[in-house]
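**Q**
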Ligand code: KMH
Ligand code: ZN
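See below:
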């Protein structure tokens, strides 16, 4: 959660020689930003308890425009950990010639003038129960195999139904509530065959009641009919969820095709099956496609979205891009939609950390990333789930149990 204000430093704020504004003014701005964050989170102005760190990094002068931004980075029971940054975005640039004394410039690259960390408190007795600013538990999805990762890249990749089931159980024990499932044939190649999914789901369900989300993305080059294979699984082997890929992207040297008619057809097949769709988005325009699918009645609100960021050829995995997507989601989709993020490669854990801080859900696992640390292969997806759990803890975010995730996603409980 973020809040931001932008304000001009009037000449009345200049306190020191050279029209310098004193640093306390930055803290006053952070105080207002913190107040907005408390109001957003708990419906109360709250109290600023302490600054842990304050750094003044560049001078602020009368006439500068300062943008102050704050983010909630830790969700305590009554305390809220926050980080602040103030940037100079416009500076006066008077010329010697009197006729230009009012000239000013927008800075192409804003200058950071102050950073701080602090803690605010909203006492229990004034917290408003009708304000839903605090995020619920984080749903961690483990994408345990995918279609592209190979054993040559990571020898811990599960391939057979037994291996997939054992890995699903390990991930669930580590804190995952959803398994994003692909299957492979006996040569380890991507497959969308219904019978292979049935076997894997049966074996997973014998070990854990984790939510099973089957892929309908499959591998590049597969037809809609082929990709819909897992939707042949019904009864005790029916998947709880199925992915719905809504837009075409470059995918490394390939193209991952999702033509409008094919997406509509897959949406119909998922609805007929009864699985809950998770909308997979790889680029900003995919949000508009999701809005259009809603309008056509092909999918129903509230949507559960997965931003897959960092695929080569689609939107990169950056803080700025994720922030934009969340804001755009709130602007064009009905309220109540939930989001998760899957960062590709080295972006996986940083994106999971942003999800933990910003109230989203996180996807990790060997489908998207094979390393647990730089140059260190992950021994399966469970260690990556464990890292995501750690990141949630660091930011005071509870991890959803399987039962909580089922309730949050509107899925029926399973014994
Ligand atoms: N294998 C990718 C081309 C999904 O599972 O829905 C597509 C994919 C998406 O993995
Ligand atoms: Zn997938």
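In my numbering, the protein residues as written are 65 to 479. A virtual CB, placed ideally from N, CA and C, is assigned to each residue, including glycine.
(1) Establish whether the CB of residue 194 and some CB of chain B are separated by less than 8 angstroms.
(2) Run through the segment 134-196 for me and flag every whole beta strand (DSSP E) of 3 or more residues, listed as ranges in chain order.
(3) Could you say which of 403, 443, 361, 316 lies nearest to residue 332 if we only look at CA atoms?
(4) Ends of the beta strand (DSSP E) at residue 337?
(5) So for residue 273, helix, strand or coil by DSSP?
(6) Should residue 116 go down as buried or exposed, given a rule of 16 or more other Cβ atoms within 10 Å for buried?
(7) So if I measure from each beta-carbon to every heavy atom of the ligand ZN and keep distances below 7 angstroms, which residues remain?
(8) Can you tell me which of the three DSSP states residue 106 falls into?
(9) Would you kindly check if the distance between the Cβ of residue 145 and the Cβ of residue 183 is under 8 angstroms?
(10) Relative to the C-alpha of residue 97, which candidate in 412, 251, 71, 279 has its C-alpha closest?
(11) Roughly how many whole angstroms lie between the Cα atoms of residue 107 and residue 274?
(12) Please tell me whether, using a cut-off of 7 angstroms, the distance from the CB of residue 405 to the nearest non-hydrogen atom of the ligand KMH is below it.
(13) Is the closest heavy atom of the ligand KMH to the C-beta of residue 433 under 7 angstroms?
(14) Suppose you measure from the CA of residue 391 to the CA of residue 351; what does that come to, to the nearest Å?
(15) Cβ of residue 242 within 7 angstroms of any heavy atom in the ligand KMH?
(16) Can you check whether the CB of residue 133 is closer than 8 angstroms to the CB of residue 181?
(17) Using the C-alpha atoms, what's the distance from residue 268 back to residue 412?
(18) Write down the C-beta distance between residue 188 and residue 142 rounded to the nearest angstrom, noting that I regard them as a contact closer than 8 angstroms.
(19) Would you kindly work out how many angstroms separate the C-alpha atoms of residue 137 and residue 297, rounded to a whole number?
(20) Using a threshold of 7 angstroms, is the CB atom of residue 261 nearer than that to any non-hydrogen atom of the ligand KMH?
(21) Looking at the structure shown, is residue 297 part of a helix, part of a strand, or coil, going by DSSP?
(22) Using a Cβ-Cβ cut-off of 6 angstroms (strictly less than) and excluding sequence neighbours within five positions of residue 376, which residues of its own chain qualify?
(23) Pairing CB atoms from the segment 457-474 with CB atoms from the segment 437-447, are three or more of them under 8 angstroms?
(24) Does the Cβ of residue 48 have 16 or more other Cβ atoms within 10 Å, making it buried, or fewer, making it exposed?
(25) Taking all protein chains shown into account, decide if residue 327 is buried (16 or more other Cβ within 10 angstroms of its Cβ) or exposed.
(26) Say the cut is 7 angstroms; is the CB of residue 344 nearer than that to a heavy atom of the ligand KMH?
(27) Using three-state DSSP, classify residue 394 as helix, strand or coil.
(28) Just to confirm the assignment, what range does the alpha helix (DSSP H) spanning residue 249 have?
(29) For residue 436, does the three-state DSSP call read helix, strand or coil?
(30) With a CB to CB cut of under 7 angstroms and the five nearest residues on each side skipped, what residues in its chain are close to residue 102?
(31) In angstroms, rounded to a whole number, what distance separates the CA positions of residue 239 and residue 450?
(32) Considering only heavy atoms of the ligand KMH, does any lie closer than 7 angstroms to the CB of residue 309?
**A** By the coordinates alone:
(1) No chain B is present in this structure, which holds just one protein chain.
(2) 143-156, 168-185
(3) The sequence position of residue 332 within the chain shown is 268, counting from 1. Taking only the C-alpha atoms, the option nearest residue 332 is 361.
(4) Locating residue 337 in the chain shown gives position 273, counting from the first residue. No beta strand (DSSP E) contains residue 337, which is instead part of the alpha helix (DSSP H) from 324-337.
(5) Taking the chain shown and counting its residues from 1, the one referred to as residue 273 is at position 209. The answer is coil: DSSP assigns residue 273 none of H, G, I, E or B.
(6) Here residue 116 is taken as the residue at index 52 of the chain shown, counted from 1. Counting Cβ neighbours within 10 Å, residue 116 comes out exposed, since fewer than 16 surround it.
(7) 207, 210, 211, 244, 246, 279, 281, 307, 431
(8) To locate residue 106, count along the chain shown from 1; it is residue 42. Helix.
(9) Counting from one through the chain shown, the residue named residue 183 turns up at place 119. Counting from one through the chain shown, the residue named residue 145 turns up at place 81. Yes, the pair counts as a contact, with Cβ atoms nearer than the cut-off.
(10) By one-based count along the chain shown, residue 97 stands at place 33. That would be 71, whose Cα lies nearest to the Cα of residue 97.
(11) Looking up residue 107 in the chain shown gives position 43. Looking up residue 274 in the chain shown gives position 210. Those two C-alpha atoms are separated by around 35 angstroms.
(12) Translated into positions along the chain shown, residue 405 becomes position 341. Incorrect: residue 405 has no Cβ contact closer than 7 angstroms to the ligand KMH.
(13) Position 369 of the chain shown, counting from 1, holds the residue named residue 433. Not under cutoff, so the answer is no.
(14) Start at 1 with the first residue of the chain shown, and residue 391 comes out as number 327. Start at 1 with the first residue of the chain shown, and residue 351 comes out as number 287. If I take the Cα positions, the gap works out to 11 angstroms.
(15) If you number the chain shown from 1, residue 242 lands on position 178. Not under cutoff, so the answer is no.
(16) Residue numbering aside, residue 181 sits at position 117 when the chain shown is read from its first letter. Residue numbering aside, residue 133 sits at position 69 when the chain shown is read from its first letter. No.
(17) The sequence position of residue 412 within the chain shown is 348, counting from 1. The sequence position of residue 268 within the chain shown is 204, counting from 1. So the two alpha carbons sit approximately 25 angstroms from each other.
(18) By one-based count along the chain shown, residue 188 stands at place 124. By one-based count along the chain shown, residue 142 stands at place 78. Indeed, because the Cβ distance is near 6 angstroms, the residues count as touching under 8 angstroms.
(19) Locating residue 137 in the chain shown gives position 73, where the first residue counts as 1. Locating residue 297 in the chain shown gives position 233, where the first residue counts as 1. Cα-Cα distance, rounded: 41 angstroms.
(20) As a first step, residue 261 must be located in the chain shown, where it is residue number 197. No, since every heavy atom of the ligand KMH falls outside the 7 angstroms radius drawn around the Cβ of residue 261.
(21) Taking the chain shown and counting its residues from 1, one reaches residue 297 at position 233. DSSP places residue 297 in coil when its eight states are reduced to three.
(22) As a working mapping, residue 376 is identified with position 312 in the chain shown. Result list for residue 376: 316, in chain order.
(23) no
(24) Here the chain comprises residues numbered 65 to 479, so residue 48 is not present and cannot be evaluated.
(25) The residue labelled residue 327 in the question sits at position 263 within the chain shown. By the 10 Å Cβ count, residue 327 comes out buried.
(26) For the purposes of this step, residue 344 is taken as residue 280 along the chain shown, with counting starting at 1. Correct: residue 344 has its Cβ closer than 7 angstroms to the ligand KMH.
(27) Along the chain shown, read from residue 1 onward, the residue named residue 394 stands at position 330. Three-state DSSP puts residue 394 in a helix.
(28) As a working note, residue 249 is residue 185 in the chain shown. It is not in any alpha helix (DSSP H) - residue 249 carries neither H nor E in the DSSP assignment.
(29) As a working note, residue 436 is residue 372 in the chain shown. Correct three-state label for residue 436: strand.
(30) Taking the first residue of the chain shown as position 1, residue 102 is located at position 38. Correct list, in chain order: 108, 109, 110, 144, 184, 186.
(31) To locate residue 239, count along the chain shown from 1; it is residue 175. To locate residue 450, count along the chain shown from 1; it is residue 386. Roughly 7 angstroms separates the two Cα atoms.
(32) As a first step, residue 309 must be located in the chain shown, where it is residue number 245. Checking every heavy atom of the ligand KMH against the Cβ of residue 309, one is found closer than 7 angstroms.
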